[in-house]
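Residue numbers (our numbering), protein chains in the order written: chain A, 173 to 573; chain B, 10 to 229.
Backbone N, C-alpha and C define an ideal beta-carbon position, used for all residues, glycine too.
A quick note: this is a predicted structure, and the numbers were derived from the prediction, not measured.
Here the structure is laid out as structure tokens; the discussion comes afterwards.
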């Protein structure tokens, strides 16, 4: 029967073209939205790499004309700010950084390692960053104040970067980036490896990450743009007022914006979920329209085939067999549409569009779920017309004009 | 083989009730070639549809091989139509998007037969009606007479005991009509019971018995 129906579907390819095109495009949209959803879900169940709770971010605005230049006085003021905050009773630890976790925007860098270009996200942090953000070093060590005296610049990388740059080899002591006589960049060596650090939050994909050592109070290092303050659990919101007052006392001309990391995290969630929500709504309405379209086109096709259905009933098809045949035809058409869609979609990993961001399992699951969704849609749309087709009285259908 | 007792058929709409057949009694024995004649609208096709189990009577009873069919469910009726009966229609009712051989195979799709068996039986049936060279043509590429021969091949592919033909030559010229009638007579001589609706007295003369209807009543 399948072969018979395949012939029928193929020989009616012009009549079926509209349904096929609808299924093809819907498959692409459902795949895109489904894969995005699965990608975010897969990311969300992986470890974040740090602890954001009870951490407050203090964004420091030095009110300077240029963001790239700074004075020795500003460097010293920033160091005094950190020392001042450390003295406050609710504070457990303080660190300085170029940007706080979950923040919108990023600093990325590309370096050539063993002749291969490796891209990575960067944050410059002071030595107490690991203590504030509570993560462990799995290999080597974290920054120490004594590192300021080194002739080269130490870096700590995450496991993603270690894997991509050196595979299974030990990265400790290796130079991050091949020597480049044209670049004024200082030599940077790996001193430690931390677990995958998901700077952009739970919903972000895998990312190579490197920490540069920011030397607090060092005249060559820009003062931190943000202070991260770990407070004792249960610290009231009112502490924000006292914290601002103490900071303002040290730096009268500067301004400060204080927000718990939990708040920044919420914003990051919203930012990442918005495309999914918008895509989901678009996909839902598209599915609804396609479902109605399929129902209409299928109904129309069946009306045109009333005499054929009557004939099949006359020569031996039961109601159930007619019902089954219509659904099978629809599923075969869906298979053609899904196959076409799969051929298009499969080009994405072949052309390395996703790089290492999208895991193959997520891609496969996206493909599978989109296919299942299309088969479900096709079956649901075919149910009613096929039931009506099954109820056709052969004697009436044979007379149908 | 086929017995109709006091069979009536009424069509009802919201306001009108029309009697298409009234108190028809008919017995058709195995191997007979019976023609049904009468003016347009007298109920000939309705009677053929009832005999072919394509429709249910409003009253009376129909028995096939001695078994009343009233209590048959949809599946059982479909099975009887598929295994015991063959149909030939005035309009041929071929599926335009399927080749000749695929059209002939359709009744066997509803039986448990393999693809090879289906193909062998379909080719044999086409050979039987003289269309062995047109198996991969499509219905639109054939003349009316050839299309009707395909329809006959489809009707006999499952080796039915009874062949029901509803004005099989109605859309054909007299020469092609004669050819089709010749095939039906040969099938009858080979043992197939045939019931044929026709307007043409010349064709009816070539059958064993003529049943005449007028205004839904059997007049002879």
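- Query: Just how far apart, CA to CA, sit residue 564 of chain A and residue 40 of chain B?
  - Reply: Looking at the two C-alpha atoms, the distance is approximately 32 Å.
- Query: Between which two residues does the beta strand (DSSP E) containing residue 311 of chain A stretch?
  - Reply: Counting along the chain, the beta strand (DSSP E) containing residue 311 of chain A begins and ends at 309-312.
- Reducing DSSP to helix, strand and coil, say where residue 295 of chain A ends up. In this structure, residue 295 of chain A counts as strand in the three-state DSSP scheme.
- Could you tell me which of A:518, A:488, A:222 and A:495 sits nearest to residue 62 of chain B, measuring between CA atoms? Looking only at A:518, A:488, A:222 and A:495, the smallest Cα-Cα distance to residue 62 of chain B is reached by A:488.
- For residue 371 of chain A, the first and last residue of its enclosing alpha helix (DSSP H): Per DSSP, residue 371 of chain A belongs to no alpha helix (DSSP H) and is neither H nor E.
- Query: How about the region 264-271 of chain A and the region 297-311 of chain A: do they share at least three Cβ pairs that are nearer than 8 Å?
  - Reply: Yes: the two stretches touch, three or more of their Cβ pairs being nearer than 8 Å.
- Endpoints, the beta strand (DSSP E) within which residue 174 of chain B is located: Element bounds for residue 174 of chain B: 171-175.
- For residue 507 of chain A and residue 461 of chain A, the rounded distance between their alpha carbons: The alpha-carbon atoms of residue 461 of chain A and residue 507 of chain A are separated by roughly 20 Å.
- Query: Less than 9 Å separating the beta-carbons of residue 479 of chain A and residue 493 of chain A?
  - Reply: For residue 479 of chain A and residue 493 of chain A, no; Cβs fall outside 9 Å.
- List the residues of chain B that residue 501 of chain A touches, going by C-beta distances under 7 Å, in chain order. Chain B residues near residue 501 of chain A: none, gap ~12 Å exceeds 7 Å.
- Query: Short check: CB of residue 197 of chain A to CB of residue 514 of chain A, under 9 Å?
  - Reply: Remark: C-beta atoms of residue 197 of chain A and residue 514 of chain A do not approach each other more closely than 9 Å.
- Cβ-based neighbour list, residue 105 of chain B, same chain, cut-off 8 Å, excluding 5 preceding and 5 following: Counting only residues of its own chain and dropping the five nearest sequence neighbours on each side, residue 105 of chain B has a CB closer than 8 Å to the CB of 147, 148 and 149.
- With 9 Å as the threshold, decide whether the Cβ of residue 104 of chain B is near any Cβ in chain E. This model lacks chain E altogether, as its protein chains are A and B.
- Item | Exposure label - residue 495 of chain A; buried when at least 16 CB within 10 Å | Residue burial annotation: residue 495 of chain A is buried, with at least 16 other C-beta atoms found within 10 angstroms of its C-beta.
- residue 385 of chain A in three-state terms, based on DSSP: Correct three-state label for residue 385 of chain A: strand.
- Item | Where residue 38 of chain B falls, given that 16 or more other Cβ within 10 Å makes a residue buried | Note on residue 38 of chain B: under 16 other CB atoms within 10 angstroms of its CB, so exposed under the neighbour-count rule.
- Message: Considering only the alpha carbon of each residue, which of A:379, A:359 and A:464 lies closest to residue 333 of chain A?
- Response: Nearest Cα to residue 333 of chain A within the set A:379, A:359 and A:464: A:379.
- Message: Counting only C-beta atoms, is residue 192 of chain B closer than 9 Å to chain A at any point?
- Response: No - not a single Cβ of chain A is within 9 Å of the one on residue 192 of chain B.
- Proximity to residue 98 of chain B [Cα-Cα], best of B:144, B:18, B:57 and B:183: Checked all of B:144, B:18, B:57 and B:183; the closest Cα to residue 98 of chain B is B:57.
- Query: Rounded to a whole number of angstroms, what is the C-alpha to C-alpha distance between residue 12 of chain B and residue 165 of chain B?
  - Reply: A direct Cα-to-Cα measurement between residue 12 of chain B and residue 165 of chain B gives close to 22 Å.
- CB of residue 44 of chain B within 9 Å of CB of residue 216 of chain B, strictly: In contact: residue 44 of chain B and residue 216 of chain B (Cβ atoms closer than 9 Å).
- Item | Same chain, Cβ closer than 6 Å to residue 42 of chain B, five either side skipped, listed in chain order | Excluding the 5 residues flanking it on each side, residue 42 of chain B has same chain C-beta neighbours closer than 6 Å at 197, 203, 216 and 217, in chain order.
- Item | Spatially closest choice to residue 53 of chain B from B:214, B:208 and B:212, by CA coordinates | Looking only at B:214, B:208 and B:212, the smallest Cα-Cα distance to residue 53 of chain B is reached by B:208.
- Message: Just to make sure I have the definition right: I need the residues of chain B whose C-beta is within less than 7 Å of the C-beta of residue 490 of chain A. Which are they?
- Response: Residues of chain B passing the Cβ test: 83, 84 and 87.
- Backbone secondary structure at residue 107 of chain B - three-state DSSP: The three-state secondary structure of residue 107 of chain B, taken from DSSP, is coil.
- Task: Please confirm if residue 133 of chain A has its CB atom under 9 Å from at least one CB of chain B.
- Result: Coverage of chain A is limited to positions 173 through 573, which leaves residue 133 of chain A absent and any answer about it impossible.
- Buried or exposed: which applies to residue 279 of chain A, given that a residue is buried once 16 or more other Cβ atoms fall within 10 Å of its Cβ? By the Cβ neighbour-count rule, residue 279 of chain A is exposed, with fewer than 16 other Cβ atoms within 10 Å of its own.
- Message: Out of A:393, A:388, A:220 and A:439, which one is the CA nearest neighbour of residue 331 of chain A?
- Response: Nearest option by C-alpha distance: A:220.
- Item | At least 3 beta-carbon pairs within less than 8 Å: the region 197-216 of chain A vs the region 511-525 of chain A | The region 197-216 of chain A makes contact with the region 511-525 of chain A: 3 or more CB pairs, one atom from each, lie closer than 8 Å.
- Nearest-angstrom Cα distance between residue 308 of chain A and residue 302 of chain A? Between residue 308 of chain A and residue 302 of chain A, the C-alpha separation is close to 7 Å.
- In chain A, what lies closer than 7 Å to residue 63 of chain B by C-beta? In chain order: 486, 566 and 567.
- Message: I'd like to check one pair, residue 317 of chain A with residue 361 of chain A: are the Cβ atoms closer than 9 Å?
- Response: Inclusion of residue 361 of chain A and residue 317 of chain A in the CB contact set at 9 Å is not warranted, their separation being larger than that value.
- Item | Run of the beta strand (DSSP E) containing residue 620 of chain A, from where it starts to where it stops | Any answer about residue 620 of chain A is impossible in this case: the structure gives chain A only from 173 up to 573.
- Task: Could you spell out the range, first to last residue, of the beta strand (DSSP E) harbouring residue 12 of chain B?
- Result: In the DSSP assignment, residue 12 of chain B falls within the unbroken beta strand (DSSP E) covering 11-21.
- Task: Would you mind telling me which residues of chain B sit closer than 8 Å to residue 183 of chain A, beta carbon to beta carbon, in chain order?
- Result: For a Cβ distance threshold of 8 Å, residue set 106 and 107 of chain B lies close to residue 183 of chain A, ordered along the chain.
- So residue 429 of chain A is in the beta strand (DSSP E); what residue range does that whole segment cover? Its beta strand (DSSP E) spans residues 427-432.
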